[in-house]
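For reference, the structure discussed in these notes is given below.
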Amino acid sequence: MPEILDQARTQVLGDGVGLDQAGILAVLNLPDEHLPAALQLAHDVRMRWCGPEVEVEGIVSLKTGGCPEDCHFCSQSGLFTSPVRSVWLDIPSLVEAAKQTAKTGATEFCIVAAVRGPDARLMKQMREGVAAIKAEVDIQVAASLGMLNQEQVDDLVDMGVHRYNHNLETCRSYFPNVVTTHSWEERWETLRMVRDSGMEVCCGGILGLGETVEQRAEFAAQLAELAPHEVPLNFLNPRPGTPLGDRPVVEGKDALRAIAAFRLAMPRTILRYAGGREITLGDLGTREGLLGGINAVIVGNYLTTLGRPATADLDLLHELKMPVKALSATL
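Everything in the sequence shown is counted per full-length UniProt numbering, starting at 1 for the first residue and increasing by one.
What follows is the structure in structure tokens.
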């Protein structure tokens, strides 16, 4: 057994203390023959510190395309030639999407908008949309609307939004290679305000943007410092017309090493399968990740890419005897 896994068994599994950056890097560099042991340990950590339940979430785009930012992986940027047109979703469609999400057994419904940050029109539509959803659907509402100011944070709390997603995307040192129209620090400030407001913090990123293994470890350590309630783990699904459209897909074993490493960095965090897992991991890898530290999934399609059918994920959870997390009684 490699020394880092012995250390993690004592420190992470035994004491609930995540690995530091050097330890995370050691896991990311484990040879293939030690990957099953790393995944088993990550699963044991997940079961001890999070339990067997899996949180299921659906997402919908309230405002799609036409974003002024230049996130190099995103086909919703208005600066690239990607074939995503700007579209706004009306309130009845938003409510219907929430209903369909709830039917899958999901307890989370995240409203997403492709913007730098919300303007008055978007905040008004959010208020109306959240109220309409809460009137008709028993589901917790989350939001992802870009960078916020304090007034907007307070408004979202008042609406009853319980979790806010704002991804750091990658580590601080690599971020300028991925986004140039705003800074990593601006994103961090939004996350600080969200955390201080009492809303749950959802913050993750995308692996396979061209970062080194060392930078991947840096990213996991920075997320651990933030201590978000949830970390969505995406793997780049290269989008035509974007600057990263020709990037290779993350190797399946590297993706699984990352899942184990992120779990061992954050033993108590909800670690969620998000975009790109279908092409990176396939069915077998998806199963291995659920047995290697993952304890939440987004079901159905993503914002601009297709996911697995919700029934496929739910059937797999049933097969693995992983109960879907029940809806909170304190909606």
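Positions of the beta carbon are idealized from the N, C-alpha and C atoms, including for glycine.
Which residue or residues does DSSP assign as beta-bridge partners of residue i?
i, result
"TYR164", "ALA143, VAL201"
"CYS71", "CYS71 is not bridged to any residue."
"TYR273", "LEU233, VAL297"
"GLY58", "PHE109"
"residue 415", "Since the displayed the chain opens at 1 and closes at 331, residue 415 lies outside it and no answer follows."
"LEU207", "PHE235"
"GLU169", "GLY205"
"VAL324", "VAL54"
On the criterion of 16 or more Cβ atoms from any shown chain inside 10 Å, does residue i qualify as buried, or is it exposed?
i, result
"PRO232", "buried"
"GLU33", "exposed"
"ASN149", "exposed"
"PRO248", "exposed"
"VAL324", "buried"
"THR180", "exposed"
"MET1", "exposed"
"ASP313", "buried"
"PRO228", "buried"
"LEU320", "exposed"
"THR10", "exposed"
"VAL17", "exposed"
"GLY293", "buried"
"THR330", "Here the model assigns THR330 a pLDDT of 37, short of 50, so the residue's position is not dependable, and the following value carries that caveat. Exposed: under 16 other Cβ atoms inside 10 Å."
"SER93", "exposed"
"GLY289", "buried"
"ALA22", "exposed"
"ASP15", "exposed"
"ARG192", "exposed"
"SER75", "buried"
"ARG268", "exposed"
"ALA114", "buried"
"ALA135", "exposed"
Which residue from the options puts its Cα closest to that of residue i?
i, options, result
"LEU122", "LEU62, THR190, ILE133", "LEU62"
"LEU35", "LEU168, LEU291, HIS318", "LEU291"
"THR170", "GLN7, ILE139, LEU236, GLU108", "LEU236"
"VAL178", "GLY23, GLY210, TRP188, SER75", "GLY210"
"ALA274", "ILE206, PHE109, ALA260", "ILE206"
"ILE295", "GLY16, TRP49, PRO31, GLU53", "The amino acid occupying residue 295 in the given sequence is Asn; Ile does not appear at that position. Of the listed residues, the one whose Cα sits closest to ASN295 is GLU53."
"VAL201", "LEU284, ALA131, CYS110", "CYS110"
"ALA37", "ALA260, LYS99, GLU251", "ALA260"
"MET47", "ASN234, ASP119, ARG263", "ARG263"
"GLU151", "PRO68, ALA132, VAL17, ASP119", "ASP119"
"HIS318", "THR269, GLU69, THR104", "THR104"
"TRP188", "LEU168, ASP154, GLU288", "LEU168"
"PHE175", "ALA97, GLY208, SER93", "GLY208"
"ARG287", "ALA22, ASP154, LEU39", "LEU39"
"GLY160", "SER197, LEU191, THR190", "SER197"
"MET266", "LEU30, LYS134, CYS50, ALA26", "CYS50"
"LYS99", "VAL137, LYS253, LEU226, PRO240", "VAL137"
"GLU185", "LEU226, ASP155, GLN215", "LEU226"
"ILE279", "PRO31, ALA255, THR269, ILE270", "ALA255"
"residue 335", "GLN215, GLU230, SER183, SER173", "Examination of residue 335 is not possible in this model, given that the chain is present from 1 through 331 alone."
"THR127", "LEU145, LYS253, GLY204, LEU316", "According to the sequence provided, residue 127 is Arg. The question's Thr does not apply to it. Nearest C-alpha to ARG127: LEU145."
"THR190", "ASP70, ALA221, ASP154, GLY129", "ASP154"
"ALA220", "TRP88, ARG172, ASP315, LEU316", "ARG172"
"ASP70", "ILE270, HIS182, GLN215", "HIS182"
"LEU89", "ALA8, PRO31, VAL112", "VAL112"
"GLY204", "ARG239, ALA8, TYR164", "TYR164"
Quick test of your reading: residue i and residue j, contact by CB under 8 Å. State the CB separation rounded to the nearest angstrom.
i, j, result
"VAL56", "ALA106", "4 Å"
"GLN140", "HIS166", "Actually they do not touch by this definition, with Cβ atoms about 17 Å apart."
"PHE73", "LEU244", "5 Å"
"ASP44", "LEU13", "6 Å"
"ALA217", "ILE24", "4 Å"
"VAL297", "ARG272", "6 Å"
"LEU28", "VAL213", "5 Å"
"GLY276", "ASN234", "5 Å"
"ALA132", "VAL95", "5 Å"
"GLY58", "VAL250", "Actually they are not in contact, since the Cβ atoms of GLY58 and VAL250 sit about 24 Å apart, beyond 8 Å."
"GLY252", "LEU281", "5 Å"
"ALA142", "GLU108", "6 Å"
"ALA97", "VAL60", "4 Å"
At 3 residues or longer, what runs of the beta strand (DSSP E) sit wholly inside the region 210–269? Within the region 210–269, the complete beta strand (DSSP E) runs of at least 3 residues are 230–235.
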